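J.: The structure under discussion is supplied below as structure tokens; questions concerning it will follow.
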Amino acid sequence: EAGVVQSPRYKIIEKKQPVAFWCNPISGHNTLYWYLQNLGQGPELLIRYENEEAVDDSQLPKDRFSAERLKGVDSTLKIQPAELGDSAVYLCASSSGLAGGYETQYFGPGTRLLVL
Amino acid sequence: AQTVTQSQPEMSVQEAETVTLSCTYDTSESDYYLFWYKQPPSRQMILVIRQEAYKQQNATENRFSVNFQKAAKSFSLKISDSQLGDAAMYFCAYGSGGSNYKLTFGKGTLLTVNP
């Protein structure tokens with residue numbers, strides 16, 4: 053069974069440019085998460101989807117970040133415009149959504165973003 | 074809000090020896106889950122072990138076991154017979170349940186395994 057797939061693995065952009073990250077969760081997983089991981093820190097939740105609905109986006113900086121999961125499967129996280137401080141690893145995770153919120157989350161390999 | 078503290082930024086262990094990584098957390102919830110995740114240099118976060126707060130029995134997975142002290146809000150990870158492949162960053166995570174489900178991570182402990 054394929055795990056969580058993310059692309060690209062690495063991205064280098066100049067500040068003020070837009071960037072997008074893609075995630076495909078484990079097949080059948082209804083819940084999808086985007087995390088931000090700064091260097092030397094643990095991941096922090098940006099947004100959580102249950103199917104196509106964003107049920108927790110309280111930590112998403114909405115002035116420059118946006119996300120979508122139109123068909124309740126894969127998801128895209130976008131930054132526009134990117135700032136130097138956005139350099140980090142963006143992790144996607146998924147869970148089955150069948151245990152009332154107590155499921156284990158499975159993580160993708162992440163996208164490492166460097167903003168110059 | 075929940076917080077997770079890993080007080081050991083770095084740890085080292087000799088191959089085949091045992092090492093314990095510490096984690097404490099703060100919460101007012103009674104029902105929650107706790108996790109240890111491993112993140113090797115390739116950056117793929119891998120689940121090591123999980124513990125349900127309502128269970129008194131400590132979870133074990135092969136060479137990995139936890140010491141869960143609910144009253145003390147402590148959740149340490151013991152790695153027995155350490156192997157070179159165990160070298161990684163280890164994150165302790167607290168899982169809130171129900172409709173507010175989210176994981177709160179500690180800052181991690183970098184484990185080095187010496188041959």
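Line by line, the protein sequences give chains A and B. Residue numbering for the first sequence is 53 to 168, as defined by my numbering. Residue numbering for the second sequence is 74 to 188, as defined by my numbering. Heads up, the beta-carbon is just placed ideally off N, CA and C, and yes, glycines get one too. Please read all numbers here as calculations on a predicted model, not as lab measurements.
Report all residues from its chain with a CB closer than 6 Å to the CB of V107/A; omit the five preceding and five following residues, and keep chain order.
T.: Here residue 107/A corresponds to residue number 55 of the first sequence, with the count starting at 1. Same-chain partners within the cutoff: R100.
J.: Which residue comes first and which comes last in the beta strand (DSSP E) that contains C75/A?
T.: Within the first sequence, residue 75/A is the residue found at index 23, counting from 1. Note, C75/A: beta strand (DSSP E), V71 to N76.
J.: Please go through the same chain and pick out, in chain order, the residues whose beta-carbon is closer than 8 Å to the beta-carbon of S80/B, but skip the five residues on each side of it.
T.: The sequence position of residue 80/B within the second sequence is 7, counting from 1. Same-chain partners within the cutoff: S95 and T97.
J.: For a cutoff of 7 Å on Cβ pairs, would you count Y175/B as touching chain A?
T.: By one-based count along the second sequence, residue 175/B stands at place 102. Note on residue identity: the sequence assigns Lys, not Tyr, to residue 175/B. Cβ-Cβ to chain A under 7 Å: yes for K175/B.
J.: When you compare the stretch 79 to 87 of chain A with the stretch 119 to 133 of chain A, are there three or more beta-carbon pairs, one atom per stretch, that lie closer than 8 Å?
T.: yes
J.: Could you tell me which chain C residues have their CB closer than 9 Å to the CB of R100/A, listed as they occur along the chain?
T.: The structure shown contains no chain C; its protein chains are A and B.
J.: For T163/A, count neighbouring C-beta atoms within 10 Å of its own C-beta (all shown protein chains included) and say buried if the count is 16 or more, exposed if not.
T.: Residue 163/A sits at position 111 when you count from the first residue of the first sequence. When all chains shown are included, T163/A counts as buried.
J.: Measuring straight from C-alpha to C-alpha, what distance separates S133/B and L107/B?
T.: Along the second sequence, one-based indexing puts residue 133/B at 60. Along the second sequence, one-based indexing puts residue 107/B at 34. With the sequence shown as reference, residue 133/B is identified as Thr, and Ser is not the correct amino acid for it. Taking the Cα positions, T133/B is about 13 Å away from L107/B.
J.: Is any beta-carbon of chain B found at less than 7 Å from that of Q93/A?
T.: Numbered from 1 along the first sequence, position 41 holds the residue referred to as residue 93/A. So, interface residue.
J.: Against chain A, with Cβ distances strictly below 7 Å, would L120/B count as a contact?
T.: Residue numbering aside, residue 120/B sits at position 47 when the second sequence is read from its first letter. Closer than 7 Å: yes.
J.: Can the beta-carbon of F178/B be found less than 7 Å from the beta-carbon of P95/A?
T.: As a first step, residue 178/B is located in the second sequence; it is residue number 105 there, counting from the start. As a first step, residue 95/A is located in the first sequence; it is residue number 43 there, counting from the start. Against a cut-off of 7 Å, the Cβ pair of P95/A and F178/B comes out as a contact.
J.: My output table needs one value for D115/A: the three-state DSSP class, helix, strand or coil.
T.: Stepping through the first sequence from its first residue, residue 115/A is reached at position 63. DSSP places D115/A in coil when its eight states are reduced to three.
J.: With burial defined as no fewer than 16 other Cβ atoms inside 10 Å of the residue's Cβ, what is the status of Y131/A: buried or exposed?
T.: The count along the first sequence starts at 1 and reaches residue 131/A at position 79. According to the sequence displayed, residue 131/A carries Ile and not Tyr. Buried, because 16 or more other Cβ atoms sit within 10 Å of the Cβ of I131/A.
J.: Using CA atoms only, rank isn't needed, just tell me which of F159/A, P113/A and L168/A is closest to C144/A.
T.: On the first sequence, position 92 is the one that residue 144/A refers to. For the residues F159/A, P113/A and L168/A, the minimum Cα distance to C144/A belongs to F159/A.
J.: On a Cα-Cα basis, can you pick out the residue from K151/B, P82/B and Q117/B that is closest to G55/A?
T.: Stepping through the first sequence from its first residue, residue 55/A is reached at position 3. Answer by Cα proximity: Q117/B.
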